[in-house]
Ligand SMILES: Nc1ncnc2c1ncn2[C@@H]1O[C@H](COP(=O)(O)OP(=O)(O)OP(=O)(O)O)[C@@H](O)[C@H]1O
Ligand SMILES: [Mg+2]
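Residue numbers (our numbering): 27 to 283.
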């Protein structure tokens, strides 16, 4: 579904991605993890053709996009749904209108829109709030709308950039269950996250990037120390860490302080 082969992207002297090879298959659920500045956003922007790689090849949904023509880019982006940390809903449109608008801009028919919008609102369990405005919703509800909008045009891939970053842990797990349901229905999901607890609990494939390199690709755990923990640690706040510290944990800490 998404294939990176030996992809390198530099920004002047900065490394974005360094010879990265990752194959994401249809139906996969993949967490993309790594420290700040590792190259995660670069990876996503390359999929969306917002950036050009310096070398290597990128294939999305069976099509080599490495040398895509400018006029072919909208068609590529229609195959990809995006979910954002800050929801990015249109404040002056209702829940219904937010989702309908995503279909209008790609010229879906009135009939299709009238059928599909109630269906996706129901799927994300927000149909009862179809006539509300975003500011009348909780953060978790807003993210449900964000997901409804992202899947409205039936994308092949859903890319979620820190979708739970603004949510409390319970709401975050609700959103993860929803994403899992969407994945089970056949949509490939790539999710960028720093949420160690979520990655560890979900037990999905984890692709770890560090300094632009793919350093790990396996099912299971987050594997990095969370950056907020590093911050506390480097400020000498050891109190919350002095019990149950594993040797590996300390080794990880040393890399980042
Ligand atoms: N437009 C740009 N110009 C120059 N350097 C950039 C640009 N975008 C990213 N970089 C650099 O490329 C590297 C990878 O950045 P990227 O945004 O992909 O990291 P990230 O993994 O998404 O980090 P974060 O978790 O903080 O979002 C970093 O060193 C960053 O400074
Ligand atoms: Mg980023």
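Where a beta carbon is used, it is the ideal one built from N, C-alpha and C, also for glycine.
Count the other C-beta atoms from every protein chain shown that fall within 10 angstroms of the C-beta of residue i, then say buried if there are 16 or more, exposed otherwise.
i: residue 183; result: buried
i: residue 116; result: exposed
i: residue 167; result: buried
i: residue 179; result: buried
i: residue 220; result: buried
i: residue 225; result: buried
i: residue 35; result: buried
i: residue 210; result: exposed
i: residue 122; result: buried
i: residue 88; result: exposed
i: residue 100; result: exposed
Terminal residues of the continuous beta strand (DSSP E) containing residue i?
i: residue 25; result: A query on residue 25 cannot be resolved here, the shown segment of the chain reaching from 27 to 283 and no further.
i: residue 251; result: Unbroken run through residue 251: none, as it is neither H nor E.
i: residue 31; result: 28-37
i: residue 234; result: 231-236
i: residue 184; result: 183-187
Give every residue of the same chain whose Cβ lies closer than 6 Å to the Cβ of residue i, excluding the five residues on either side of it in the sequence, and list them in chain order.
i: residue 217; result: 57, 186
i: residue 239; result: 44
i: residue 160; result: 115, 117, 168
i: residue 64; result: 235, 236
i: residue 29; result: 49, 85
i: residue 241; result: 234
i: residue 198; result: 190
From which residue to which residue does the alpha helix (DSSP H) around residue i run?
i: residue 101; result: 99-104
i: residue 142; result: 136-149
i: residue 200; result: 195-210
i: residue 125; result: 121-130
i: residue 112; result: Where residue 112 is concerned, there is no enclosing alpha helix (DSSP H), given that its DSSP letter is neither H nor E.
i: residue 163; result: Where residue 163 is concerned, there is no enclosing alpha helix (DSSP H), given that its DSSP letter is neither H nor E.
i: residue 73; result: 66-73
Between residue i and residue j, is the Cβ-Cβ spacing less than 8 Å?
i: residue 222; j: residue 245; result: no
i: residue 175; j: residue 152; result: no
i: residue 120; j: residue 158; result: yes
i: residue 212; j: residue 234; result: no
i: residue 54; j: residue 190; result: no
i: residue 155; j: residue 149; result: no
i: residue 43; j: residue 68; result: yes
i: residue 94; j: residue 66; result: no
i: residue 86; j: residue 173; result: no
i: residue 236; j: residue 60; result: yes
i: residue 147; j: residue 132; result: no
i: residue 111; j: residue 188; result: yes
By DSSP's criteria, residue i is part of a beta bridge. Which residues make up the other side?
i: residue 50; result: 28
i: residue 90; result: 85
i: residue 240; result: 235
i: residue 40; result: 37
i: residue 55; result: 215
i: residue 245; result: 231
Which residues in the same chain have their Cβ closer than 8 Å to the Cβ of residue i, if we skip the five residues on either side of it in sequence?
i: residue 32; result: 45, 46, 47, 81, 82, 83
i: residue 129; result: 138, 139, 142, 143, 178, 179
i: residue 195; result: 223
i: residue 134; result: 142, 179
i: residue 104; result: 132, 179, 181
i: residue 193; result: 165, 166, 169, 201
In chain order, what residues of the same chain have a beta carbon less than 7 Å from the beta carbon of residue i, not counting five sequence neighbours either side?
i: residue 37; result: none
i: residue 90; result: 83
i: residue 51; result: 27
i: residue 92; result: 79, 83, 84
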